[in-house]
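**Student:** Protein chains in written order, with numbering that gives the first Met the number 0: chain F, 0 to 575; chain B, 0 to 70.
Glycine included, C-beta positions come from ideal geometry on N, C-alpha and C.
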Amino acid sequence: MTGLPSPHMLAVFLLAPTHRMARLAPLDIAVIAVYFAMVLWIGFYLKQRSNTSEEFFLAGREMTAWIAGLSFISANMGSLELMGWAAASYQYGILAAHWYWIGAIPAMLFLGLVMMPFYYVSKTHSVPGYLKLRFGESSRLLAAISFAVMTILMSGINMYAMALVMKVVLGWNIHFSIWVSSITVALYVALGGLRSAIFNEVLQFVLIWAGALLIPILGLIETHGWTGMRLRIQQNFPGQDFTHMWRGLGSFSSNPMGVHWTGIVFGLGFVIAFGYWTTDFLVVQRVLSAQSLRAAQMAPIIGAGFKMLVPIIVILPGLLGLAVLPHLLPESVAANVPGAYSYNEVLPLMLVRYCGPGLLGLGITALIAGFMSGMAGNVSAFSAVWTYDIYQAQINKRAADSHYVAVGRWSTILGVIVSIGAAYLVMQFASIMDYVQALFSFFIAPLFGTVILGMLWKRATSAGGFWGLLSGTVVSVGLYLWVHFNPAALAHVAFSIHAKTMAENLYRALWAWIVCVVVTVAVSMFTKPRPESELNGLVYGATVIPHEGPVPLYKNHWFWAGIVIVIFFVLNIMFW
Amino acid sequence: MHNTNISIWFFNGVLLTVYGLMIGGYGVYEVVSGHTPPVVLAHLHAPLWWGAGMLLLGLLYCVKFAPGKEK
């Protein structure tokens, strides 16, 4: 799961910069301007095709597997994602790639192969909507409110952090960055709905690669390939291992992250990854827009194939930074050393190192595109959940379809305005970012427990689902507070006092998921289940999955999932 | 996207073509004028070949997904 940068990744950009890294040439400005013109063109063009709620919130369910798949991972590729994980790879080495491979690929394949039929066949408009069908109104309301609040806050935090990045790198005014980028996103999402968001996400995906791929290419030329890069890292940091993914995970103290392989496999690979990629509506909404069940199943598999490649533009620049920029400092140190840079700035530093006029503008545009795709993902998902799961469910149940489209457009604008408010709130109270990051992660793990039991176990009851979700969330919050006020508790929560923040998050998620599942099962056993006839389309064993006819091997989702999983294992063995 | 007059891939083609022209054009200027920016590996003239690559890819997508050409 890479959608949620860890608190330190956001906090790093808070310290006031003492100098700008680069100055843009007129050509760079022109490159950025062309991008803004293009996204607005798409928004205005697609306005004519978002007149019904199905069109506005689910893009008419007309997307091909490729478009839904690229949009699926693009919505997750925010600019903080790019910069944060490049910084993490400078700090932790190739260990950071776990968040792209075991922390994403199995979960994405599981979504496509196992869970998508239930989301798609149930014709739900959202993940909270599925909870309503399976467990009832109370579970939906709990999930919808938590998702809506956290999504919009996260959007604001990312907006502020992005504006800070622009200030650090280019010396841009923070208010200018916030308002220009958010007004643009509000315009194109409010005009064209999810279809516009998806079109722009595909555009942004291409742009991110066009702008960022040059760094690893030129970096590897400079270091004379992977072997040369490793040699340079060993010379710069003797005795430290930055290029192996699994060798140092035998104990908590033998790797820079302070994590054990059990945390990576069960906490990250199972609970957090499955929680994020299969239940976070921000990404699931993209797949729900697919034109058929087969396309909906292929989309996450296509996304997984590309996700495996993302470390080339995120992790590799961080590793190359270790080879060619060995003197970057921790933020807390760099802030007190005039002229020094921190490792959190490794990606823009590498960009400035290799890219002159034009290419620098393209790289900066890639960062802006990453931010806008993430924000558009947040506000379009917020708009759908607000309209369907809160407004329609609780406030106005019987309005015309056009009314809900209007509510969707206005809630998009409202979501952006609240995001801007959140950005300014964070500007005043920086520590809020840490708490909101943690808050968001509280809901992911238990939600996955609830959804997966709901889909795979007919006996799970409405009461079991609600109390499991609530208790898992409460336990997650409780564990966070326990460690916050008593750091020694880390030895119990994460099994080691050496555990860093990332490792603590993995184990806390694991505990929350276990509690959710245990409570759901226990309560379900003592409450009355729904008749099986009511579970058609919602639960494995009670649902007839529609068969869409035979297809050639190259169109079969099981075939491509097999290819992806083989490559996944090969990559892990190569970098063992 | 088949049911929209203009395909998403055409938009991508237009963007890559414009960027290819802008950045590739600057690359040509770099080579002709001998003026190279103060960046590492400037002698490789990355804007020239990266811009040319984007231009080719962009034109390919513009032609293949031109409005009215799709089913």
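What is the C-beta distance between residue 444 of chain F and residue 453 of chain F, in whole angstroms, given that I count them as a contact (C-beta under 8 Å)?
**Tutor:** Between residue 453 of chain F and residue 444 of chain F the Cβ distance is about 15 Å, and since that is not below 8 Å, they are no contact.
**Student:** For residue 573 of chain F, which residues from the same chain have a beta carbon less than 8 Å from its beta carbon, with the 5 sequence-adjacent residues on both sides left out?
**Tutor:** none
**Student:** Which stretch, first to last residue, makes up the alpha helix (DSSP H) that contains residue 234 of chain F?
**Tutor:** Start and end: 224-235.
**Student:** Using only alpha-carbon positions, find the residue among F/342, F/542, F/295 and F/322 that is nearest to residue 110 of chain F.
**Tutor:** F/295
**Student:** From which residue to which residue does the alpha helix (DSSP H) around residue 470 of chain F run?
**Tutor:** 461-484
**Student:** Quick check: the Cα distance between residue 377 of chain F and residue 277 of chain F, rounded to an integer number of angstroms?
**Tutor:** 16 Å
**Student:** Just checking: is the beta-carbon of residue 221 of chain F within a distance shorter than 8 Å of some beta-carbon in chain B?
**Tutor:** yes
**Student:** For residue 95 of chain F, which option in F/137, F/243 and F/280 has the closest C-alpha, if you only look at C-alpha atoms?
**Tutor:** F/243
**Student:** Hey, does residue 46 of chain B have any beta-carbon neighbour from chain F nearer than 8 Å?
**Tutor:** Output row for residue 46 of chain B: interface = yes.
**Student:** Please confirm whether residue 66 of chain F has its beta-carbon closer than 8 Å to some beta-carbon of chain B.
**Tutor:** Taking Cβ atoms only, chain B reaches closer than 8 Å to residue 66 of chain F, which makes this a yes.
**Student:** Within 10 angstroms of its Cβ, does residue 394 of chain F collect 16 or more other Cβ (buried), or is it exposed?
**Tutor:** exposed
**Student:** Just to confirm the assignment, what range does the alpha helix (DSSP H) spanning residue 246 of chain F have?
**Tutor:** Boundaries for residue 246 of chain F: no alpha helix (DSSP H) harbours it, and the DSSP string shows neither H nor E there.
**Student:** Roughly how many angstroms lie between the CA atoms of residue 188 of chain F and residue 222 of chain F, to the nearest whole one?
**Tutor:** If you draw a straight line from the Cα of residue 188 of chain F to the Cα of residue 222 of chain F, it is about 43 Å long.
**Student:** Looking at the structure shown, is residue 256 of chain F part of a helix, part of a strand, or coil, going by DSSP?
**Tutor:** coil
**Student:** Just to make sure I have the definition right: I need the residues of chain F whose C-beta is within less than 8 Å of the C-beta of residue 41 of chain B. Which are they?
**Tutor:** 355
**Student:** Just reading off the alpha helix (DSSP H) that residue 215 of chain F is part of, what are its end residues?
**Tutor:** 213-221 is the extent of the alpha helix (DSSP H) around residue 215 of chain F.
**Student:** Check whether the Cβ atoms of residue 143 of chain F and residue 384 of chain F sit closer than 8 Å, and answer yes or no.
**Tutor:** yes
**Student:** By how many angstroms is the C-alpha of residue 487 of chain F removed from the C-alpha of residue 507 of chain F?
**Tutor:** 15 Å
**Student:** Any chance the segment 557-573 of chain F sits against the segment 301-315 of chain F, with 3 or more Cβ pairs inside 8 Å?
**Tutor:** yes
**Student:** Kindly provide the ranges of any beta strand (DSSP E) runs that are 3 or more residues long and lie completely inside the segment 281-311 of chain F, ordered along the chain.
**Tutor:** Those beta strand (DSSP E) runs which fall completely within the segment 281-311 of chain F and span 3+ residues do not exist here.
**Student:** Does DSSP classify residue 125 of chain F as helix, strand or coil?
**Tutor:** The answer is coil: DSSP assigns residue 125 of chain F none of H, G, I, E or B.
**Student:** Below 8 Å on the Cβ atoms is my contact criterion, and I expect residue 319 of chain F with residue 210 of chain F to pass it. Report the Cβ-Cβ distance as a whole number of Å.
**Tutor:** With 8 Å as the limit, residue 319 of chain F and residue 210 of chain F do not qualify as a contact, their Cβ atoms being about 16 Å apart.
**Student:** So, for residue 408 of chain F: in the same chain, excluding its five sequence neighbours on each side, which residues have a beta-carbon less than 6 Å away from its beta-carbon?
**Tutor:** 189
**Student:** What residues of chain F sit near residue 36 of chain B, judged by a beta carbon separation below 8 Å?
**Tutor:** The contacting residues are 355 and 356.
**Student:** Is the CB-CB distance between residue 464 of chain F and residue 542 of chain F below 8 Å?
**Tutor:** no
**Student:** Between F/115, F/98, F/134 and F/97, which has its C-alpha nearest residue 467 of chain F's C-alpha?
**Tutor:** For the set F/115, F/98, F/134 and F/97, the Cα lying nearest the Cα of residue 467 of chain F is the one of F/134.
**Student:** Report all residues from its chain with a CB closer than 7 Å to the CB of residue 66 of chain F; omit the five preceding and five following residues, and keep chain order.
**Tutor:** 197 and 201
**Student:** Which runs of the alpha helix (DSSP H) fall wholly inside the segment 500-563 of chain F and span at least 4 residues, in chain order?
**Tutor:** 500-524
**Student:** If we count Cβ pairs, one from each stretch, closer than 8 Å, do we get three or more for the segment 263-271 of chain F versus the segment 98-117 of chain F?
**Tutor:** yes
**Student:** Please state the DSSP three-state secondary structure of residue 16 of chain F.
**Tutor:** Note on residue 16 of chain F: pLDDT 46, under 50, position unreliable in the model; no value is reported.
**Student:** From the DSSP output, in three-state form, read off residue 401 of chain F for me.
**Tutor:** helix
**Student:** State the beta-bridge partners of residue 62 of chain F as determined by DSSP.
**Tutor:** Answer is F/289.
**Student:** Pick out whichever of F/326, F/302, F/129 and F/549 has its Cα sitting closest to the Cα of residue 89 of chain F.
**Tutor:** F/326
**Student:** Once DSSP output is grouped into helix, strand and coil, what is the label at residue 328 of chain F?
**Tutor:** strand
**Student:** How is residue 495 of chain F classed by DSSP in three states: helix, strand or coil?
**Tutor:** coil
**Student:** Indicate whether the contact test is met: 3 or more Cβ pairs, each with one atom in the segment 543-557 of chain F and one in the segment 110-130 of chain F, closer than 8 Å.
**Tutor:** yes
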